[in-house]
Amino acid sequence: DGGITQSPKYLFRKEGQNVTLSCEQNLNHDAMYWYRQDPGQGLRLIYYSQIVNDFQKGDIAEGYSVSREKKESFPLTVTSAQKNPTAFYLCASSTYATNEKLFFGSGTQLSVL
Amino acid sequence: KQEVTQIPAALSVPEGENLVLNCSFTDSAIYNLQWFRQDPGKGLTSLLLIQSSQREQTSGRLNASLDKSSGRSTLYIAASQPGDSATYLCAVRPFPNNDMRFGAGTRLTVKP
Chain A
164 DGGITQSPKY LFRKEGQNVT LSCEQNLNHD AMYWYRQDPG QGLRLIYYSQ
214 IVNDFQKGDI AEGYSVSREK KESFPLTVTS AQKNPTAFYL CASSTYATNE
264 KLFFGSGTQL SVL
Chain B
216 KQEVTQIPAA LSVPEGENLV LNCSFTDSAI YNLQWFRQDP GKGLTSLLLI
266 QSSQREQTSG RLNASLDKSS GRSTLYIAAS QPGDSATYLC AVRPFPNNDM
316 RFGAGTRLTV KP
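Right, here's the structure in full:
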């Protein structure tokens with residue numbers, strides 16, 4: 164089945180530690196996105212990538228980093244510089260062929276130990 | 216900068232009632248508008264996508280309308296069921312930017 168796979172479902176970070184969230188898609192979509200969701204708030208864009216080896220900062224990129232070495236993969240690293248990382252992280256993808264309709268993964272809940 | 220607002224933040228209705236969820240946005244220059252459903256602890260499921268040139272889209276008991284000039288969209292749910300209980304989010308894709316803007320959502324509870 165085509166879709167977006169995020170792993171792990173739950174992740175715990177110790178102070179000073181970098182952690183990486185995985186996002187893989189087999190939809191052949193060109194664009195991929197990372198969003199952060201805090202309770203009772205809308206989604207906020209962290210980074211997005213429209214093509215391989217290129218990505219742009221969203222509204223809240225500080226303390227995060229990404230890479231796009233393959234079309235299918237867009238991992239997000241939460242660095243120790245992100246002082247309030249506890250949130251639900253969602254990966255999404257889209258393509259011009261489907262009018263840029265957003266498809267989402269099932270999310271990763273990150274908590275601080 | 217595009218701002219998206221959803222009112223009310225929460226809504227509780229008895230089963231079988233028809234209901235309308237509202238979404239407003241500040242800039243009419245949009246590429247599309249999308250409605251999503253989110254269950255607790257889950258990702259977002261796309262319900263309907265309306266292109267900027269369209270006025271409405273329908274899928275089963277759901278109908279979404281778009282009025283770009285007034286910066287408004289509504290999601291109409293007919294004959295609500297307890298299984299419709301979830302948070303509903305709307306999002307607009309500004310033109311020409313590529314950063315989708317989300318509302319905070321409306322948490323819907325349908326009581327049996």
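Protein sequence lines, in the order shown, are assigned to chains A and B. Per my numbering, residue 164 is the first one in the first sequence, and the count goes up by one each step. Per my numbering, residue 216 is the first one in the second sequence, and the count goes up by one each step. Every residue gets a Cβ at the ideal spot worked out from N, C-alpha and C, and that includes glycine.
1) For the beta strand (DSSP E) containing N247 of chain B, list its first residue and its last residue.
2) Can you pull the chain A neighbours of G286 of chain B, defined as C-beta to C-beta under 9 Å?
3) Which value, in whole angstroms, describes the spacing of the CA atoms of R287 of chain B and G179 of chain A?
4) What are the residues of the region 234 to 267 of chain A that lie near chain B, defined by any Cβ-Cβ distance shorter than 9 Å?
5) Starting from I265 of chain B, trace the beta strand (DSSP E) both ways and give me its first and last residue.
6) Contact defined as beta carbons within less than 8 Å: I believe S243 of chain B pairs with S284 of chain B. What is the distance between those atoms, to the nearest angstrom?
7) Going along chain A, which residues have a C-beta under 9 Å from N247 of chain B?
8) Can G203 of chain A and A319 of chain B be called in contact, C-beta distance under 9 Å?
9) So what does DSSP say about P309 of chain B, is it helix, strand or coil?
10) Can you list the residues of chain A that G320 of chain B reaches, using a CB-CB cut of under 8 Å?
11) Would you say the region 257 to 274 of chain A touches the region 237 to 254 of chain B, given that touching needs at least three Cβ pairs under 8 Å?
12) Can you give me the C-alpha to C-alpha distance between N237 of chain B and V229 of chain A, rounded to a whole angstrom?
13) How would you label Y173 of chain A, buried or exposed, when you count the other beta carbons within 10 angstroms and need 16 or more for buried?
Taking the definition as stated:
1) I245 to Q253 is the span of the beta strand (DSSP E), which, as asked, contains N247 of chain B.
2) Against G286 of chain B, chain A offers no close residue; the least beta-carbon distance is about 16 Å (beta-carbon pairs closer than 9 Å).
3) Straight-line Cα distance between these residues: approximately 44 Å.
4) Residues passing the 9 Å Cβ filter: F251, L253, C254, A255, S257, T261, N262, E263, K264, L265, F266 and F267.
5) That run of the beta strand (DSSP E) goes L259 to Q266.
6) Right, their Cβ atoms sit about 6 Å apart.
7) Correct list: N262, E263 and K264.
8) Their beta carbons are under 9 Å apart, which means G203 of chain A touches A319 of chain B by this criterion.
9) Strand, per DSSP.
10) For G320 of chain B, the neighbours in chain A by C-beta distance under 8 Å run, in chain order, G205.
11) With the cut-off at 8 Å, the region 257 to 274 of chain A and the region 237 to 254 of chain B touch.
12) Taking the straight line from one Cα to the other gives about 34 Å.
13) Per the 10 Å Cβ criterion, exposed.
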